[in-house]
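Trainee: Under the working numbering, the letters of the sequence shown match residues 19 to 518, in that order.
For reference, the structure I am asking about is given below.
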Amino acid sequence: MPIQLNSLMRRSGAVAIAALIAASPATLVAPPAMAAAGPPSVADLSAELIDAVVNISTSQTVASGSNDEDGEDQPRAPMPKLPPGSPFEEFFNQFFNKEGKGMQRPRKTEALGSGFVIDPSGIIVTNNHVIDDADDIEVNFNDGSKLKAKLLGRDKKVDVAVLKVDPPKPLKAVKFADSDKVRVGDWAMAIGNPFGLSSTVTLGIISARNRDINSGPYDNYLQTDAAINKGNSGGPLFDMDGGVIGINTAIISPTGGSIGLGFSMPSATVQPVIEQLRLYGETRRGWLGVRIQGVSDDIAESLGMQKAQGALIAGVDDKGPAKPAGLEPGDVILKFDGHDIKEMRDLPRLVADTAVDKKVEVVILRKGQTLTKTVTVARLDESDAAIKASTRGTETPEKPKITKALGLEMSGITKELRDKYKLATDAKGVVVTKVDNGSSAEDKQVKIGDVILQVGQQAVSNPEDVSKRIEELKKSGTKQALLLLSNTQGELRFVALSLN
């Protein structure tokens, strides 16, 4: 593959060098000697680890003649016309469909990825997307040997799969290290199978931690500039002691090749999942039974919080463990089982990693007071749809008066409005019938048809309740009104609207 240097980069480099030469010596800071020299050689380290890293080849049988790799329909050869009773008729029917539209002979597709041995007995870890839908999985070792693998279990949410091979002798294995101790700037080494080039070693640093790339509910990737390309998926990211700190999973690239933005799922996240897959063949995650959202600056202000932190409960599942423990919509979870919840996405990972039936303390903020609740964590049903909280209230009369406030026009729920906005038959509260252009409500994406359930953490059942509560908040000096909304699908969320 030809390599073309970027001339803009060369010019930029020349300008930077010229600027440094022109700078006063007093303004230049000498880098540490280690940084100037670069990292020591990793030859001995890579030689020690490379036999534990494997190439994974998968094959899948797909129907032929339907689509090419780009998804375009492909022309099919028509079935030849045969004389009635021809001895070849049955033969040709094996390859052509009955309508004579084309050949239906299946074909096999192949894919390559990486993995690594975590147990000498033959336990191998890779990404789920490497082996997804595979009919056959073959593991290729550094010494040239090959073994068929069977799937022990997989988890799509953290993109992990556990395989088992039966080796004639114990395999070289590697161990996990604690990714929570990895710092930004630490050296990291990747070994894998990029573009089918086996046993490729690349070196870089940890560029960032806790990256959310919107690939799943438990995203907290390690970002690295160690070159990761197609085929590296499922391979290990090592620290300089030879411990696995992550599984290389994704890259961001406009070209399909490495541009220094690689992402590895940290060992602290994948290890509990891997152990469950080995033991049970499935995951057994903890479940709290709440629907949460982030605490923005304006929501924090409306709740009287000094800084935005925690996870705001927008709904509580009637059948979940949070309900009997006394958690309520509007509570802000600040700590879970002794761990601070700095932002919303910290909570799902902590709950998921908690043992089923374990009793944990949950510290919440409720109406300015810090309370501690004890919750018995239940098991998450992975097939469940998103948790929706039910609401209760008082029936509103037909044809109520329209109330205007906070850039909204609001009405009690009538049969006409229930039908118009397709609200649930048991929906209670105050329905939004208009949102003013340029208002705070429009900025916060309040929609016509949303139902207001609470204002300032107090339930409202008619427009007069809304107006009364807004006046109370203004008199108390509050600058933001916290509204609990339900959309037409019954999903709950909080928004903070300015009272000015």
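Positions of the beta carbon are idealized from the N, C-alpha and C atoms, including for glycine.
Between which residues of its own chain and residue 146 is the CB-CB distance below 7 Å, once the five residues before and five after are set aside?
Mentor: Excluding residues within five positions, the ones whose Cβ falls inside 7 Å are 172, 173, 174, 177, 178 and 179.
Trainee: Inspect the CB distances between the region 310 to 318 and the region 371 to 378 and report whether three or more fall short of 8 Å.
Mentor: Touching, no, given that fewer than three Cβ pairs across the two stretches are closer than 8 Å.
Trainee: At the level of alpha carbons, what is the spacing between residue 211 and residue 130?
Mentor: Each residue's alpha carbon lies about 8 Å from the other.
Trainee: How about residue 440: is its C-beta nearer than 9 Å to some C-beta of chain C?
Mentor: In summary, chain C is missing from the structure at hand, where a single protein chain is found.
Trainee: How many angstroms separate the CA atom of residue 216 from the CA atom of residue 134?
Mentor: Those two C-alpha atoms are separated by around 13 Å.
Trainee: Looking at C-alpha atoms only, which residue of 502, 487 and 504 is the closest neighbour of residue 496?
Mentor: Comparing Cα-Cα distances from residue 496 to each of 502, 487 and 504, the minimum goes to 487.
Trainee: How long is the line joining the alpha carbons of residue 349 and residue 480, rounded to whole angstroms?
Mentor: Their backbone Cα atoms lie some 23 Å apart in a straight line.
Trainee: How big is the Cα-Cα spacing for residue 209 and residue 327?
Mentor: Computed Cα separation, rounded: 38 Å.
Trainee: Answer with buried or exposed for residue 331, where buried requires no fewer than 16 other C-beta atoms within 10 angstroms of its C-beta.
Mentor: Buried, since its Cβ has 16 or more Cβ neighbours within 10 Å.
Trainee: Can you give me the C-alpha to C-alpha distance between residue 407 and residue 445, rounded to a whole angstrom?
Mentor: Here residue 407 scores only 33 on pLDDT, less than 50, and its place in the model is too uncertain to base an answer on.
Trainee: Can you tell which of 475, 471 and 336 has the C-alpha that lies nearest to the C-alpha of residue 503?
Mentor: Closest by alpha carbon: 471.
Trainee: According to the neighbour-count rule (16 or more other Cβ atoms, all chains shown, within 10 Å of its Cβ), is residue 303 buried or exposed?
Mentor: With 16 or more other Cβ atoms within 10 Å, it is buried.
Trainee: Hey, how far is the Cα of residue 195 from the Cα of residue 262?
Mentor: Going from the Cα of residue 195 to the Cα of residue 262 covers about 5 Å.
Trainee: Roughly how many whole angstroms lie between the Cα atoms of residue 197 and residue 66?
Mentor: So the two alpha carbons sit approximately 21 Å from each other.
Trainee: Relative to the C-alpha of residue 73, which residue among 160, 510, 438 and 464 is closest?
Mentor: For the residues 160, 510, 438 and 464, the minimum Cα distance to residue 73 belongs to 160.
Trainee: Please list the terminal residues of the continuous beta strand (DSSP E) segment that includes residue 165.
Mentor: 164 to 166 is the extent of the beta strand (DSSP E) around residue 165.
Trainee: Taking a contact to mean a Cβ-Cβ separation below 9 Å, would you say residue 362 touches residue 289 in this structure?
Mentor: Against a cut-off of 9 Å, the Cβ pair of residue 289 and residue 362 comes out as no contact.
Trainee: Taking its Cβ as the centre, do 16 or more other Cβ atoms sit within 10 Å of residue 132, making it buried, or is it exposed?
Mentor: Buried is the call here.
Trainee: Kindly indicate which three-state DSSP category residue 213 falls into: helix, strand or coil?
Mentor: Helix at residue 213.
Trainee: For residue 454, which option in 475, 422 and 76 has the closest C-alpha, if you only look at C-alpha atoms?
Mentor: The candidate whose alpha carbon is nearest that of residue 454 is 422.
Trainee: Counting pairs of beta carbons, one from the region 329 to 346 and one from the region 242 to 254, are three or more of them closer than 8 Å?
Mentor: Because the criterion of three Cβ pairs below 8 Å is not met, the region 329 to 346 and the region 242 to 254 do not touch.
Trainee: Assuming residue 204 contacts residue 223 under a Cβ cut-off of 8 Å, what Cβ separation, rounded to an integer in Å, is found between them?
Mentor: At roughly 6 Å, the Cβ-Cβ gap stays under 8 Å, so residue 204 and residue 223 are in contact.
Trainee: Below 9 Å between beta carbons: does that hold for residue 240 and residue 206?
Mentor: Yes, Cβ-Cβ distance for residue 240 and residue 206 is below 9 Å.
Trainee: Would you call the region 424 to 434 and the region 456 to 474 touching, i.e. three or more CB-CB distances under 8 Å?
Mentor: Cβ pair count under 8 Å is three or more, so yes.
Trainee: Who are the near neighbours of residue 352 in its chain, counting only those whose CB is closer than 8 Å to its CB and skipping five residues on each side?
Mentor: Within the same chain, residue 352 has close Cβ partners 327, 328, 358, 359, 381, 382, 383 and 388.
Trainee: Identify which residue in 258, 220 and 268 has its Cα closest to the Cα of residue 232.
Mentor: Selected option, being the one with the closest Cα: 268.
Trainee: From the DSSP output, in three-state form, read off residue 262 for me.
Mentor: Correct three-state label for residue 262: strand.
Trainee: Any idea if residue 181 is buried or exposed, counting beta-carbon neighbours within 10 angstroms, 16 or more meaning buried?
Mentor: Residue 181 is buried by the Cβ-count criterion.
Trainee: How should residue 136 be labelled, buried or exposed, when 16 other C-beta atoms within 10 angstroms of its C-beta is the threshold for buried?
Mentor: Buried, since its Cβ has 16 or more Cβ neighbours within 10 Å.
Trainee: Would you say residue 494 and residue 458 are within 9 Å of each other, going by their C-beta atoms?
Mentor: The answer is no: Cβ separation not under 9 Å.
Trainee: Tell me the rounded alpha-carbon separation between residue 246 and residue 218.
Mentor: When rounded, the distance between both Cα atoms is 10 Å.
Trainee: Quick check on residue 439: buried or exposed, where buried means 16 or more other Cβ atoms within 10 Å of its Cβ?
Mentor: Flag for residue 439 reads buried.
Trainee: Who pairs with residue 207 in a beta bridge, going by DSSP?
Mentor: DSSP output for residue 207 lists 221 and 256 as bridge partner(s).
Trainee: Can you check DSSP and say which residues form a bridge with residue 485?
Mentor: According to DSSP, residue 485 bridges with nothing at all.
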